[in-house]
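A quick write-up on the structure given underneath.
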Amino acid sequence: MFKIAAKDLKLFFADKRGMLLTFAVPIALITLFAFAFGGAGGSSEPDPLKLVIADLDNTETSKKLIANLDSLEEFVVIKATSDSAENLVIKGKKPAALFVLRGTEDSIRAGHMPAFELKYDQGQGPEVGILEGALIANLNQISGELLMQAMSAKMPSDSLMQFMPKQSNASNGVTIRETPLVKEKESPVGLIHAVAGTAIMMLLFSVTGMGSAMLDEKQEGTLKKLMMAPINPSSILFGKMISVNVISIMQLIIMFVYGWLMFGLDIASHIPSTVIMIICTAFACSAFGVFLVSIAKSKAQVQGLSTLIILTMSAIGGSMIPSFIMPAFMQKLSIFSVNYWGIQGFYDVYWRELPISDATFLTRVAVLIGIGLLLNLIAVRLFRRNIIALT
Amino acid sequence: MINVTDLRKSYGNHIALHGISFSIQQGEFYGLLGPNGAGKSTTIGIMSMLVSPDSGSVSINNNDIIQHPVECKQTIGVVPQEIALYNELSAIDNLLFWGGLYNVEKSLLKKRIDTTLHLFGLSDRANDKVKTYSGGMKRRINIAAALLHNPKVLFMDEPTVGIDPQSRNLIFEVVQKLHSEGMTIVYTTHYMEEAERFCDRIGIIDNGKIVAQGTLHELKSMGGNQEAVIISGNGITEATAAKMRAAGFIVSTGENQLTFLSHNLKSDLSRIVLMCSEHGIDINDISIRHVNLETVFLSLTGKQLRD
Numbered sequence: 002m003f004k005i006a007a008k009d010l011k012l013f014f015a016d017k018r019g020m021l022l023t024f025a026v027p028i029a030l031i032t033l034f035a036f037a038f039g040g041a042g043g044s045s046e047p048d049p050l051k052l053v054i055a056d057l058d059n060t061e062t063s064k065k066l067i068a069n070l071d072s073l074e075e076f077v078v079i080k081a082t083s084d085s086a087e088n089l090v091i092k093g094k095k096p097a098a099l100f101v102l103r104g105t106e107d108s109i110r111a112g113h114m115p116a117f118e119l120k121y122d123q124g125q126g127p128e129v130g131i132l133e134g135a136l137i138a139n140l141n142q143i144s145g146e147l148l149m150q151a152m153s154a155k156m157p158s159d160s161l162m163q164f165m166p167k168q169s170n171a172s173n174g175v176t177i178r179e180t181p182l183v184k185e186k187e188s189p190v191g192l193i194h195a196v197a198g199t200a201i202m203m204l205l206f207s208v209t210g211m212g213s214a215m216l217d218e219k220q221e222g223t224l225k226k227l228m229m230a231p232i233n234p235s236s237i238l239f240g241k242m243i244s245v246n247v248i249s250i251m252q253l254i255i256m257f258v259y260g261w262l263m264f265g266l267d268i269a270s271h272i273p274s275t276v277i278m279i280i281c282t283a284f285a286c287s288a289f290g291v292f293l294v295s296i297a298k299s300k301a302q303v304q305g306l307s308t309l310i311i312l313t314m315s316a317i318g319g320s321m322i323p324s325f326i327m328p329a330f331m332q333k334l335s336i337f338s339v340n341y342w343g344i345q346g347f348y349d350v351y352w353r354e355l356p357i358s359d360a361t362f363l364t365r366v367a368v369l370i371g372i373g374l375l376l377n378l379i380a381v382r383l384f385r386r387n388i389i390a391l392t
Numbered sequence: 206m207i208n209v210t211d212l213r214k215s216y217g218n219h220i221a222l223h224g225i226s227f228s229i230q231q232g233e234f235y236g237l238l239g240p241n242g243a244g245k246s247t248t249i250g251i252m253s254m255l256v257s258p259d260s261g262s263v264s265i266n267n268n269d270i271i272q273h274p275v276e277c278k279q280t281i282g283v284v285p286q287e288i289a290l291y292n293e294l295s296a297i298d299n300l301l302f303w304g305g306l307y308n309v310e311k312s313l314l315k316k317r318i319d320t321t322l323h324l325f326g327l328s329d330r331a332n333d334k335v336k337t338y339s340g341g342m343k344r345r346i347n348i349a350a351a352l353l354h355n356p357k358v359l360f361m362d363e364p365t366v367g368i369d370p371q372s373r374n375l376i377f378e379v380v381q382k383l384h385s386e387g388m389t390i391v392y393t394t395h396y397m398e399e400a401e402r403f404c405d406r407i408g409i410i411d412n413g414k415i416v417a418q419g420t421l422h423e424l425k426s427m428g429g430n431q432e433a434v435i436i437s438g439n440g441i442t443e444a445t446a447a448k449m450r451a452a453g454f455i456v457s458t459g460e461n462q463l464t465f466l467s468h469n470l471k472s473d474l475s476r477i478v479l480m481c482s483e484h485g486i487d488i489n490d491i492s493i494r495h496v497n498l499e500t501v502f503l504s505l506t507g508k509q510l511r512d
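Here the protein sequences come in this chain order: D and E.
For the first sequence, the numbering used here assigns the number 2 to the initial residue and increments by one for each residue that follows.
For the second sequence, the numbering used here assigns the number 206 to the initial residue and increments by one for each residue that follows.
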């Protein structure tokens, strides 16, 4: 009994892939999720919130108000025009934008607390909620101070003391009017995330499996026989790429159609952009699978590497949890993941309903194609270099 | 048809081929005979353009393999040592795929597949997945896949390793038929009987060198009037064989077996038996064999073919 156990342990520790899956992958994922949910380092200091502000009043008072907000540790203020502030929200680059309304200075000079407008993306509810909470307290304080300054400039301090309690507006605090720029759609953001995030993550696993069929060909001698046929060696890899792409497209189509039939994902209204996104996502994911196979020397290596890399990319890229609820540095990292660009592209289609010609949507498409081309190019070069070793 | 000139190949510090040269005429059945690791598969690998040589040249049908690889590949058919088939596909699908790589027109390809399957006795299993085949049946399909583009030259790298007698005989019949139809065949084997049975000419390769080549008759005559004395018994070791080599005998060791070559059996036999006793060998059996490829190989290399 103990001999069998000892033998099994010996075999286990001799299997580097098994060790990787058992120890390294869970550690890597724990680390990622800890960072994603803000538990790393034990620090309670939250990252400053990026606050887009459009100053419609454009007065001394409104500028002072914005400068005061910018001086706070909670915020990093991004000044924008009205149009560009709205665009940042519509295109999903920021969850919300604060509009300092025309008449703010007049209102404060008249002894009233000013009103603001918060234009936001309903799909980014949690982040908008955090931003709004931080804004109310700070706007009240800053506006109150400005109002006091305005009043003190107008009248002597004893008169001011008599005046303050009468300002019902001031005691009620500032008004923030909420205007959703991106509204709840037929396909809720959770559904889009579930379908796109899962589909891309599972596609990455399956393309790696398909790509590693090349290593089966090596093991079974068919690759050697292919090399003896009167065909260009590169066409062996290109043939594999074509088949992986075709199957990937089929897989994504089936997943999205399932999302439509079972959960009502609104494909019917967005057929052209859905087709574009499916093709581009399949292309980028397929290239990733072929690339991974080209850098590995054995099927065992592919399996170990793919588990680690795909889970990591899926975690930082938003397949597991939406990237907008991750800390800022994780959001920055997410752009290095195929998942991120695919998921954001599908958000553009179903949530933001951007037209095909929109620059933001086209950027996502271009990045996916770029990832695909780059990884395919590297795979071809590695395949050429390793071909002798492969056969 | 095939000219191999001063072919050299190394893998790291290991020299696989030391500059071998040989020529094969059109329609000839040429055997490359040697033990495992002698350089047979490397030679076939280079001739079939799978392995790049370090130096030297190979021309097939007057085309250099480096300068005109596609023309050369179109001229040859290769039966690799391992069974290179897609197990999840049927025999027909495998053959359609492999034949299709050589741009054979589809209706002609289908016709050839029918003929080839019939030739190998597999017509009734044509639509079954290859994974359901026996090892011998897979070997037959492996050979069939190399014939569909009607190559002028067929390279066969140990095509009968590990198969049942029925499949072996079927393969022999097909090979003889192809040869009789004028196909040039290059056949590597370490089975002496196969080389003796089929080959017009044989090249004996050992340690990456062609140590002798010629017809069977020419090779046998190289062995002179030697005979092989085979001693079977207990207590045979490589150390005892080395002592006997020091005494001037050409000796090789096998499993509980020593093989001596002798030009003068009458005087040598008693010496051999005496030496064996002196070295503690408990003799069970003594047999005498006349010269054959095995003894020629032994006299040329000091090793047995199946070493």
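Here a beta-carbon is modelled for each residue, glycine too, at the ideal position from N, C-alpha and C.
| Item | Value |
| --- | --- |
| Use the C-beta contact count for D:THR82: other C-beta atoms within 10 angstroms, 16 or more gives buried, fewer gives exposed. | exposed |
| Tell me whether D:ALA98, by its Cβ, gets closer than 8 Å to a heavy atom of the ligand ADP. | With respect to the ligand ADP, the structure shown offers nothing to examine, as it has no ligands at all. |
| I want to see whether chain E comes within less than 9 Å of D:GLU221, judged by CB atoms only; does it? | yes |
| Which whole-angstrom value describes the C-beta separation of D:SER335 and D:PHE206, a residue pair presumed to lie in contact below a C-beta threshold of 8 Å? | Actually they do not touch by this definition, with Cβ atoms about 19 Å apart. |
| When DSSP builds the beta bridges, which residues end up paired with E:MET361? | E:VAL284 and E:TYR392 |
| For D:THR62 and D:ILE109, what's the separation of their Cα atoms in angstroms? | 8 Å |
| State the DSSP-derived secondary structure class of D:LEU102, mapped to helix, strand or coil. | coil |
| Taking 7 Å as the limit between beta carbons, can you name the residues of its chain near D:GLY104, skipping five residues before and five after? | ASP58 |
| Excluding sequence positions up to five away, which residues of its chain have a Cβ less than 8 Å from the Cβ of D:LEU266? | SER188, LEU192, ILE193, VAL196, PHE257, GLY260 and TYR351 |
| Less than 8 Å between C-beta atoms, sequence neighbours within five positions excluded: which residues of the same chain meet that for D:ILE372? | ALA285, ALA288, PHE289, VAL339 and TRP342 |
| If you drop the 5 nearest sequence neighbours on each side, which residues of the same chain put their C-beta closer than 6 Å to that of D:GLN168? | Low confidence applies to D:GLN168: its pLDDT is 46, below 50, so where it sits in the model is not reliable, and the reading given next is rough at best. Here the set comprises GLY112. |
| Going by alpha carbons, who is nearest to D:ILE393 out of D:SER85, D:ILE248 and D:ILE91? | The first residue shown for chain D is 2 and the last is 392, placing residue 393 of chain D beyond what the model contains. |
| With H, G and I counted as helix, E and B as strand and the rest as coil, what does DSSP make of E:ILE155? | A query on residue 155 of chain E cannot be resolved here, the shown segment of chain E reaching from 206 to 512 and no further. |
| Can you list the residues of chain D that E:TYR291 reaches, using a CB-CB cut of under 7 Å? | THR223 |
| E:GLN279 CB to nearest chain D CB: under 9 Å? | yes |
| Could you give the distance in angstroms between the alpha-carbon of E:LYS508 and the alpha-carbon of E:ILE225? | 20 Å |
| Which residues of the region 230 to 258 of chain D have a Cβ closer than 9 Å to any Cβ of chain E? Give them in chain order. | ALA230, PRO231, ILE232 and ASN233 |
| Nearest by alpha-carbon distance to E:PHE502: which of E:SER260, E:ARG213 and E:ILE455 is it? | E:ILE455 |
| Quick check on the DSSP output: the alpha helix (DSSP H) that includes D:ILE344 runs from which residue to which? | 339 to 351 |
| Determine, using beta carbons only, whether E:MET254 comes closer than 9 Å to chain D. | yes |
| Provide the residue span of the beta strand (DSSP E) that contains D:VAL77, from first to last. | 76 to 81 |
| Let me see if you follow: with CB-CB separation under 9 Å, is D:LYS226 close to chain E or not? | yes |
| Please decide whether E:ASN241 counts as near chain D, where near means a Cβ-Cβ distance under 9 Å. | no |
| Considering only the beta carbon of each residue, do E:MET252 and E:ILE207 sit closer than 9 Å? | yes |
| Using three-state DSSP, classify D:GLY305 as helix, strand or coil. | helix |
| Rank D:ILE326, D:ILE268 and D:GLN220 by C-alpha distance to the C-alpha of D:SER299 and give the top, closest one. | D:GLN220 |
| Opposite E:GLN462 in the DSSP bridges: which residues? | E:SER437 and E:GLY459 |
| From the beta carbon of E:ASN308, is the nearest beta carbon of chain D less than 9 Å away? | yes |
| Could you list which residues in chain D have their beta carbon closer than 8 Å to that of E:VAL283, in chain order? | LYS226 and MET229 |
| Would you please state the rounded distance, in angstroms, between the beta carbons of E:ILE441 and E:LEU463? I believe it to be under 8 Å. | 6 Å |
| In the structure shown, what three-state DSSP assignment does D:GLU118 receive? | strand |
| On a CA-only basis, which of E:TYR396, E:MET361, E:GLU401 and E:ALA452 is nearest E:ILE288? Give me that one, please. | E:MET361 |
| Please list the partners that E:ILE407 has in chain D, where partner means a Cβ-to-Cβ separation under 8 Å. | Under the 8 Å cutoff, chain D gives no residues; its nearest Cβ is about 24 Å from E:ILE407. |
| With distances taken between CB atoms, is the gap from D:ASP122 to D:PRO181 smaller than 9 Å? | yes |
| Counting C-beta neighbours from all protein chains within 10 Å, is the total for E:GLN460 16 or more, i.e. buried, or is it exposed? | Position check: residue 460 of chain E holds Glu in this sequence, whereas Gln was assumed. Classification for E:GLU460: exposed. |
| Does any CB atom of chain D fall closer than 9 Å to the CB of E:PRO274? | yes |
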